[in-house]
Amino acid sequence: MGADIGGGADAGAGLGPWAGAELCAGTGLGAGADLCTDVSLSAGADPCTDVSLGASADLRVGVGVRDRHGGRRGWRGLRGRPSLGALRAVTRRLVGLDSTGGGATAVPLARAVVRAVPEATADPAALAGAESDRLAVLAELCEVIGWILFDAGHHGAAHRMNARALALAELCGDRWTARLTLLNDSMLLTHTGHPRAALAAAARARGPRPLPPRVAALILIREAHATAMLGARREPVDLMARADSLFLDGGSRHDPAWAWWLDERELTGHRGWVAARLRDFDRAVPLLRRAATAPGDPSYRHLFSAHLLAALTGAGAWSDAERLVVDLAPRAADLGSARTTDSLRGTARRLLHGPGRVPSSVRDAAVFLLESLAPPPSRRP
């Protein structure tokens, strides 16, 4: 599923009992590697130890939360030690909520699941005797929750949940969930300003063995974003060209189940996004426009529209930028991805307060956009 996102910070800050843990031992992805090395994300509530269900959750039926229209989404059997079927079902439901409404839409159910399933919050070492299938399902659940927390803007909690997912994947030797979690965390680290740590996470995801083309392409995409943030000019372009070439090789029977995530639209959007990081707006704008206007889910691909707006303003394409704001603003309040709303908010503020001359009509559009956006996420997920 799934921006550096430097180093030298207190290693593993805020990660509780897993700071310094050997999270990848036994997976073939770099024994002894610590997800948290040289990373200090902003402190935030840990959904594994500090969870408040609130009135919207009802554990008398397992896990139940109400959607934004008041309808109940209930999950029976998620108390104590739920069956593998129940865990898989709620994981699928979380993925569905994230895909259609963004991470913020899925946070209430994720919060309730974390409180209802003790194994999701237990010290992974205490689960060492559990069967491998159960550990793998729990690792996948934690990976999905980590992604949701990231997209909803709860970065510290997401990083900690990623550490938990990696620890569980290590216990059962689930290389694919470990790789996906590392790819997610690489994106989180780029997003939060830690490009060197993002590169390290991507390198661990690669591991020592050849990978299917689409998985290898995802790793190259993560590396391209991080190297662009570090100031490289040619390397990010070369990395994206290699990712494009690998994607054209097509799918493989060795692809993990999550390889569907990298399709042509996703790749096109990342090509444009990396170009925008390099301030190559002539290249970035058409790529981002193509990705932003292509049909289909998941909802978090609205992020490409947000980066298109930033690229248009960077290029000084004021008329196009104003038209895009007029298109985005009426639905801005319903965007469930904090990554998207944060990008839009940042662009609007730069238009209002940044250097350079911005047409008054574009400034007015920026005010309209700011007024239309949902407020930033609260500190507690």
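So the number in my numbering is just where the residue sits in the sequence shown, counting from 1, plus 1225. Glycine is no exception: its CB is placed at the ideal position from the N, C-alpha and C atoms.
With a threshold of 16 other beta carbon atoms within 10 Å, T1325 falls short and is exposed. Under the three-state reduction of DSSP, V1583 is assigned to coil, being neither helix nor strand.
Annotated three-state conformation of H1379 is coil, per DSSP.
Distance check between L1473 and each of L1352, V1499 and L1443 places L1443 closest, using alpha-carbon atoms only. The C-beta distance from V1320 to V1362 rounds to 13 Å, too long to fall under 8 Å, and the pair is not in contact. Contact annotation: L1360 and L1312 have beta-carbon atoms that are not nearer than 7 Å. In the displayed model, D1507 falls within a helix according to three-state DSSP. Under the three-state reduction of DSSP, D1567 is assigned to helix. Rounded to the nearest angstrom, the Cβ distance from T1415 to N1387 is 14 Å, too far for a contact under 8 Å. Apart from the 5 residues on each side of it in sequence, R1570 sits with its Cβ closer than 7 Å to the Cβ of L1595 and L1598 in its chain, given in chain order. With respect to the 7 Å criterion, R1490 and A1500 are not classified as neighbours on the basis of their beta carbons. Sorting L1455, G1328 and T1316 by C-alpha distance to the C-alpha of A1345 places T1316 at the top. Just so you know, the alpha carbons of A1382 and L1408 end up roughly 16 Å apart. The three-state reading of DSSP puts E1356 in coil, since its state is none of H, G, I, E or B. Cα atoms of T1402 and A1482: separation of roughly 10 Å, rounded to the nearest angstrom. If only uninterrupted beta strand (DSSP E) runs of at least 3 residues are considered, none is enclosed by the stretch 1534 to 1563. In this structure, DSSP gives R1389 a helical state, which the three-state scheme calls helix. Annotation for R1496: M1465 and L1512 place their beta carbon closer than 6 Å to its own, counting only its chain and skipping 5 residues before and after.
The C-beta separation of H1450 from R1526 comes to about 16 Å, leaving the pair out of contact by the 8 Å criterion.
Within the stretch 1386 to 1464, no complete beta strand (DSSP E) segment of 3 residues or longer occurs. Counting other Cβ atoms within 10 Å of its Cβ, R1458 stays below 16 and is therefore classed as exposed. Burial state of D1505 is buried, judged by a 10 Å Cβ sphere holding 16 or more other Cβ atoms.
DSSP places D1469 in the helix class (H, G or I) of the three-state scheme. Annotation for E1547: S1586, V1587 and A1590 place their beta carbon closer than 7 Å to its own, counting only its chain and skipping 5 residues before and after.
DSSP places A1500 in the uninterrupted alpha helix (DSSP H) bounded by E1489 to R1502. Annotation: C1397 to P1343 spans about 18 Å, alpha carbon to alpha carbon. H1380 counts as buried, since at least 16 other C-beta atoms from the protein chains shown sit within 10 angstroms of its C-beta.
By the beta-carbon neighbour count (other beta carbons within 10 angstroms, threshold 16), A1350 is exposed. Counting along the chain, S1324 sits inside the alpha helix (DSSP H) bounded by residues L1309 to G1326.
Taking a contact as a CB-CB distance under 8 Å, the pair R1447 and A1422 does not count as one, their CB atoms being some 11 Å apart.
In this model, F1529 and A1573 are separated by some 16 Å (Cα to Cα).
When D1480, S1470, G1327 and A1453 are compared, the shortest CA-CA separation from L1492 is found for S1470. If you draw a straight line from the Cα of L1445 to the Cα of D1480, it comes to about 16 Å. Taking C-alpha positions only, G1378 is separated from R1404 by approximately 22 Å. Judged by DSSP in its simplified three-state form, A1351 adopts helix.
For R1429 and S1411, the gap between their C-alpha atoms comes out near 10 Å.
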